[in-house]
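Step one of this worksheet: look at the structure below.
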Amino acid sequence: MKIGVAKEIDAAEPRVGATPDTVKKFKALGAEVAVEPGAGLKSGLLDSDYEAAGAAISADAVKDADIVVKVKRPETSEVTRYKKGALVVAIMDPYGNDAALKTMADAGVAAFAMELMPRITRAQVMDVLSSQANLAGYRAVIEAAEAFGRAFPMMMTAAGTVPAAKVFVMGVGVAGLQAIATAKRLGAVVTATDVRPVVKEQVESLGAKFLAVEDEEFKNAQTAGGYAKEMSKEYQAKQAALTAEHIKKQDIVITTALIPGRPAPRLVSADMVKSMKPGSVLVDLAVERGGNVEGVVSGQTTEVDSVKIVGIPNLAGRVAASASSLYSKNLLSFIETMIDKSTKALAVNWDDELVKATALTKDGAVIHPNFQPKA
């Protein structure tokens, strides 16, 4: 059994699918591990670090691998290099990418989308959405602090008092909770909003104030999987009015709202942006799905009436060493379930709920029920 660690061909992706630490654990499971040259360099990991952990460094690391670990879905030029039947484990971004799924199916690989991992107790250690969103929420506050021309904490000096920054977090999932915690640690006055009532207590436990229209629809605004439901137009209007008044008084707004497989909901209108004080900052974590803020541009910081809108994609990649460390452990934990401990051979249980939830392609076909080719 051979595991190949791919170097990401996207120049904007600094993360890597395995670290020397997880290489050691793969070796203990009986696997040979080969790493493409320079795969971990942008995460601060040298080829010599992988070699010291027992991996081989080879330009052909993925060519005959039984399992290929990656961060992003392989491009056509990559997947054609993999052997037929190889397992490819990555963040696949399958929604709306039918052609890419067909390419992987045609190549004969078994593709697994880590972001489709079910949110059950057994799979918590494999949850890449949580591990990466946690870091993205942290980094969003760092980016906001960098773009904001004032200090975060209140400072009392002989020359006068600097007031604490007011930070408003919209969307209180994993990223939002970490953004709240980070902004509080930096000394900001923090408020937060979400359509799910269950998060109110979590927000308040972190020392922030919760803001929402708390009606009957609000009380039933969460799916069984823990995601926010799409709210009615009437509720959205009421919440938007409350939010609009609140945003006028904020220094920094961080938006994190994203529903898997759908365009990001628009939370902040152009009028809301214009209502903010000059020097204010908005950081949009949903920019890769169109953004929560009207006027956000992916990969750019734009200004509207001296208000900055920060649209940095892949914020977790801004802390690549930490992101790779967590992501690689997510992958290790999942792959470990597909290895027979006694024979130390690959043994995928296709009836396992984790496999069923994440497997996109197998034996030349797209097999996931959510991504079947349209008739």
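Taking numbering that gives the first Met the number 0, the leading residue of the sequence shown gets 0, the next gets one more, and so forth. Glycine included, each C-beta is placed from N, C-alpha and C at the ideal position.
Between the CA atoms of A139 and A164 - distance to the nearest angstrom: As a position in the sequence shown, residue 164 is number 165, starting the count at 1. As a position in the sequence shown, residue 139 is number 140, starting the count at 1. Looking at the two C-alpha atoms, the distance is approximately 15 Å.
Contacts around K237, its chain only, beta-carbon distance under 8 Å, and the 5 residues preceding and following it disregarded: The residue given as residue 237 occupies position 238 in the sequence shown. Only V212, D214 meet the Cβ criterion.
C-alpha distance - A263 paired with T342, whole-angstrom precision: The residue labelled residue 263 in the question sits at position 264 within the sequence shown. The residue labelled residue 342 in the question sits at position 343 within the sequence shown. Straight-line Cα distance between these residues: approximately 46 Å.
DSSP bridge partner residues for Q299 (one or two, in chain order): For the purposes of this step, residue 299 is identified with residue 300 of the sequence shown, where counting begins at 1. In DSSP, Q299 forms a bridge with G310.
Inter-residue Cα distance where the pair is D193 and D304: Start at 1 with the first residue of the sequence shown, and residue 193 comes out as number 194. Start at 1 with the first residue of the sequence shown, and residue 304 comes out as number 305. C-alpha separation (whole angstroms): 27 Å.
Option in F217, T190, R195, E200 with minimal Cα separation from A207: Along the sequence shown, read from residue 1 onward, the residue named residue 207 stands at position 208. Nearest option by C-alpha distance: T190.
Backbone CA spacing between A38 and V161 [nearest angstrom]: Counted from its first residue, the sequence shown places residue 38 at position 39. Counted from its first residue, the sequence shown places residue 161 at position 162. If you take the alpha carbons of A38 and V161, they lie about 45 Å apart.
K1 vs A52 beta-carbon contact at 8 Å: Counting from 1 along the sequence shown, the entry for residue 1 is found at position 2. Counting from 1 along the sequence shown, the entry for residue 52 is found at position 53. Not closer than 8 Å, so no.
8 Å Cβ cutoff met for V127 and Y326: Walking along the sequence shown from the start, residue 127 turns up at place 128. Walking along the sequence shown from the start, residue 326 turns up at place 327. Against a cut-off of 8 Å, the Cβ pair of Y326 and V127 comes out as a contact.
Proximity to Q299 [Cα-Cα], best of L40, G363, E142, I8: Within the sequence shown, the letter at position 300 stands for residue 299. Taking only the C-alpha atoms, the option nearest Q299 is E142.
Strand pairing of G53, partner residues [DSSP]: Position 54 of the sequence shown holds residue 53. BP columns for G53 are empty, so no partner.
Whole-angstrom distance between E31 and A10, CA atom to CA atom: To locate residue 10, count along the sequence shown from 1; it is residue 11. To locate residue 31, count along the sequence shown from 1; it is residue 32. Cα to Cα, the separation comes out at about 27 Å.
Every unbroken beta strand (DSSP E) within the region 8–72, with a cutoff of 3 residues, ordered by chain: 31–34, 66–71
Which of helix, strand or coil DSSP assigns to D105: Counting from one through the sequence shown, the residue named residue 105 turns up at place 106. D105 falls in the helix class under three-state DSSP.
Beta-carbon proximity check, A60 vs M91, cutoff 8 Å: If you number the sequence shown from 1, residue 60 lands on position 61. If you number the sequence shown from 1, residue 91 lands on position 92. No, the pair does not count as a contact, with Cβ atoms beyond the cut-off.
Identity of the residues DSSP links to V156 by a beta bridge: Numbered from its first residue, the sequence shown carries residue 156 at position 157. Sequence check: residue 156 is Thr here, not Val. G159.
Heavy atom of the ligand ADP within 7 Å of K373 beta-carbon: In the structure on display, the ligand ADP does not appear, and there are no ligands present to speak of.
Delimiting residues of the alpha helix (DSSP H) encompassing A320: The residue given as residue 320 occupies position 321 in the sequence shown. Its alpha helix (DSSP H) spans residues 319–335.
Nearest residue (CA-CA) to A135, options E12, T255, L28: Position 136 of the sequence shown, counted from the first residue, corresponds to residue 135. Selected option, being the one with the closest Cα: T255.
Through-space distance from A157 to S324, alpha-carbon basis: Sequence index remark: in the sequence shown, residue 324 carries index 325 (1-based). Sequence index remark: in the sequence shown, residue 157 carries index 158 (1-based). In a straight line, the C-alpha of S324 is about 44 Å away from that of A157.
Where the beta strand (DSSP E) containing A141 begins and where it ends: For the purposes of this step, residue 141 is taken as the residue at position 142 of the sequence shown. According to the sequence as given, residue 141 is Ile; it is not Ala. Here I141 belongs to no beta strand (DSSP E); instead the alpha helix (DSSP H) covers 127–146.
Of the listed residues G186, A187, V202, P368, nearest to L176 (C-alpha basis): For this step, residue 176 is matched to residue 177 along the sequence shown. That would be V202, whose Cα lies nearest to the Cα of L176.
Run of the beta strand (DSSP E) containing I246, from where it starts to where it stops: Indexing the sequence shown from 1 puts residue 246 at position 247. Premise fails: I246 lies in the alpha helix (DSSP H), 232–246, not in any beta strand (DSSP E).
CB contact flag (V15, S42, <8 Å): Working through the sequence shown from its first residue, we reach residue 15 at position 16. Working through the sequence shown from its first residue, we reach residue 42 at position 43. Yes, the Cβ-Cβ distance between V15 and S42 is below 8 Å.
Residue interval of the beta strand (DSSP E) (run including K218): Numbered from its first residue, the sequence shown carries residue 218 at position 219. Careful: K218 lies outside any beta strand (DSSP E), inside the alpha helix (DSSP H) at 215–218.
Cβ neighbours of A132 in the same chain (closer than 6 Å, five flanking residues each side left out): Counting from 1 along the sequence shown, the entry for residue 132 is found at position 133. V173, A174.
CA nearest to the CA of L40, picked from R118, E12, E200: Locating residue 40 in the sequence shown gives position 41, counting from the first residue. The residue with the shortest Cα to Cα distance from L40 is E12.
Stretch-stretch touch, CB-based, cutoff 8 Å, three pairs: the region 73–81 with the region 17–29: no
Same chain, Cβ closer than 7 Å to A358, five either side skipped, listed in chain order: As a first step, residue 358 must be located in the sequence shown, where it is residue number 359. Here the set comprises A109, F111, I366, H367.
Residues bridged to M271 [DSSP beta-bridge criterion]: Translated into the one-based positions of the sequence shown, residue 271 becomes position 272. Beta-bridge pairing links M271 to no other residue.
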